[in-house]
């Protein structure tokens, strides 16, 4: 009986709320004429749609209440009901408070219907009915997805959902419209925390559209698997082995036991750091003359964008207007650095500060990340400072030149903000910046690139070869040969991918200069978001699609893509072949 009520409530929601959602979309998209002319008379279609919407808006909360009630009857304890169906309650309460509001009812009913459809693939529902049906698989189980494929599928699904939300009329600013290609590009840029933009966030997007971009940045920065894992646990459900492997692969945690602790540490660190950044930037924008509500919005938007290394800004010229304001660009630089170090490193830094332990006691991974990041940041800052001293930095005093150089060096860690126009720089500076962007941030962070540790291992491997050593050693430890081989494979695949997309963009965008295309491709592949100005907004439709694909590859990792496409061949036992000599060099 309880199962029957659950099915009936879902069908009612699908029919009534689904009809309400469809009619609302038809009306706002204006895909139908206001008057439908037949052979005999005219029918005012929009008038009928308005009539049905005004009637259905009162039924929407009733239907969702029925869904909640069916769950309450089916669940044995109130505690279990609240734990598993808290989301439905959170949707129902504001619906009842604002009953009669068509637009508000549309968004809440759309979200709830989407969540109800997702429940159809819940593992728990399969387990509960296994006595009736002997063999039934969920969607993902039937596909037998590997962890790498699961990660890519989650990101692709988030991009599709983001594209749909940005394509809605409510996402566009008054008097503007957003094309499907631009919606796809902006959704991909946000979820992959890249920062490249074909449209202006302030001019082309409404407040709702900007909030969609902000949420996509946050989801992309935290990692979809990280968020889904935390929500699964909070809702009282178990985490499947495939999801465990996928999240381990994404944040690079080898121990299953420490997985959940790390997931919640990631969420806690993220929101605490973003809260600090938002408060400081709110104060900074207030001192610049912003009204307090606007300062809060701009402060927290840029705090999230900076920590997630997204680089999307509500200013059309990024942070160029605040190039000499240390409170703004300094805070953003700190957020970028913290987001680019990786959560494992942040946890160990916290241990040093709280427990006052020595630097020597942290892991080899954290030492490599900190030393390599510091080296790359300082060398790039010095190169920009001296290379552009009498060019792009002319007109600033020495202290201001140092600030700008250091900020632009930090933003190469895949952040995407800029405080001076990049097109005013020398070509050799731009080329060097592209090389630094290719390295990117650190593993387990919100940034992209081949990662600082990969770059360090490559340098150490070359040094060991030149010294005639068999093993790669650092800090009195030996780097595993498997890690060295994986690093070389990752770097080589990244170079091939970048070269391929440069070739594709040269064909698709023949009007663009070669250096601009190279810079754009590396920026997209490393999820940096820096551009030379006259490239991204003027890409053709095929060019935007190509860059969108590259941003997805860059966020998930080229090696992840190869592992997702490639097949694993199982062997009956371990086979070792004899060594063979091959001439190289």
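Numbering (the numbering used here), first residue to last: 7 to 591. Even for Gly, the Cβ is constructed at its ideal location relative to N, Cα and C.
**Item:** Residue range of the beta strand (DSSP E) that includes residue 485
**Value:** 483-485
**Item:** Unbroken beta strand (DSSP E) run spanning residue 478, endpoints
**Value:** 478-480
**Test item: CB-CB of residue 420 and residue 533 under 8 angstroms** = yes
**Prompt:** Can you list, in chain order, the residues of its chain whose CB lies under 6 angstroms from that of residue 146, leaving out five sequence neighbours each side?
**Reply:** At residue 146, the pLDDT of 45 sits below 50, so the modelled position is not reliable and the matter cannot be decided from this model.
**Prompt:** Which whole-angstrom value is the C-beta distance of residue 311 and residue 305, which I expect to be below 8 angstroms?
**Reply:** Actually they do not touch by this definition, with Cβ atoms about 11 angstroms apart.
**Request:** Keeping to the same chain, check which residues put their C-beta closer than 7 angstroms to that of residue 18; ignore five residues upstream and five downstream.
**Result:** 69 and 72
**Per-residue burial, residue 441 [other beta carbons within 10 Å of its own, 16 or more giving buried]** = exposed
**Message:** Would the stretch 539-556 count as touching the stretch 463-470 if we require 3 or more Cβ pairs under 8 angstroms?
**Reply:** no
**Prompt:** For the alpha helix (DSSP H) that contains residue 558, what are its first and last residues?
**Reply:** 547-562
**Message:** Can you check which of these residues, 377, 411 and 524, is closest to residue 392 by C-alpha distance?
**Reply:** 411
**Message:** Within a Cβ cutoff of 8 angstroms, which residues of the same chain sit near residue 522, ignoring the five residues on either side of it in sequence?
**Reply:** 538, 540 and 541
**Asked** So the alpha helix (DSSP H) residue 586 belongs to, where does it begin and stop?
**Response** Here residue 586 belongs to no alpha helix (DSSP H), and DSSP marks it neither H nor E.
**Asked** In or out: residue 469 buried (at least 16 other Cβ within 10 Å) or exposed?
**Response** exposed
**Prompt:** If you follow the alpha helix (DSSP H) that residue 319 is part of, which residue opens it and which one closes it?
**Reply:** No alpha helix (DSSP H) holds residue 319; DSSP gives it neither H nor E.
**Request:** Within its chain, find whatever has a CB closer than 6 angstroms to the CB of residue 381; leave out the 5 residues flanking it on each side and keep chain order.
**Result:** none
**Prompt:** Residues in its own chain within less than 8 angstroms of residue 429 by CB, not counting five upstream and five downstream?
**Reply:** 538, 539 and 540
**Prompt:** So, using beta-carbon positions, are residue 374 and residue 452 closer together than 8 angstroms?
**Reply:** no
**Prompt:** Which same chain residues, not among the five before or five after residue 371, have their C-beta less than 7 angstroms away from its C-beta?
**Reply:** 350 and 459
**Prompt:** Relative to the C-alpha of residue 436, which residue among 493, 520, 506 and 499 is closest?
**Reply:** 520
**Item:** Close beta carbons around residue 339, own chain, < 6 angstroms, minus the five adjacent residues each side
**Value:** 413 and 416
**Prompt:** Buried or exposed: which applies to residue 517, given that a residue is buried once 16 or more other Cβ atoms fall within 10 Å of its Cβ?
**Reply:** exposed
**Prompt:** How about residue 395: is its C-beta nearer than 8 angstroms to some C-beta of chain C?
**Reply:** The structure shown contains no chain C, having only a single protein chain.
**Prompt:** Mapping DSSP to helix, strand and coil, what is residue 211?
**Reply:** strand
**Prompt:** Bridge partners of residue 178, per DSSP?
**Reply:** 211
**Asked** In this structure, does DSSP put residue 439 in helix, strand or coil?
**Response** helix
**Prompt:** Helix, strand or coil: how does DSSP classify residue 193 here?
**Reply:** helix
**Request:** Report yes if the CB atom of residue 409 is closer than 8 angstroms to the CB atom of residue 308, and no otherwise.
**Result:** no
**Request:** Can you have a look at residue 397 and say buried or exposed, based on whether 16 or more other CB atoms are within 10 angstroms of its CB?
**Result:** exposed
**Prompt:** Buried or exposed: residue 364, going by 16 or more other Cβ atoms within 10 Å of its Cβ?
**Reply:** exposed
**Message:** Starting from residue 338, trace the alpha helix (DSSP H) in both directions and tell me its first and last residue.
**Reply:** 332-347
**Prompt:** Exposed or buried, what is residue 484 when buried is set at 16 or more other beta-carbons lying within 10 Å of its beta-carbon?
**Reply:** exposed
**Asked** Does the Cβ-Cβ distance between residue 228 and residue 193 come in under 8 angstroms?
**Response** no
**Message:** DSSP three-state label for residue 427, please.
**Reply:** coil
**Request:** Classify residue 473 as helix, strand or coil using the three-state DSSP reduction.
**Result:** coil
**Item:** 4-residue-minimum alpha helix (DSSP H) runs that sit fully inside the stretch 369-404, ordered along the chain
**Value:** 370-393
**Request:** Can you give me the Cβ contacts of residue 583 inside the same chain, cut-off strictly under 7 angstroms, excluding the 5 residues immediately before and after it?
**Result:** none
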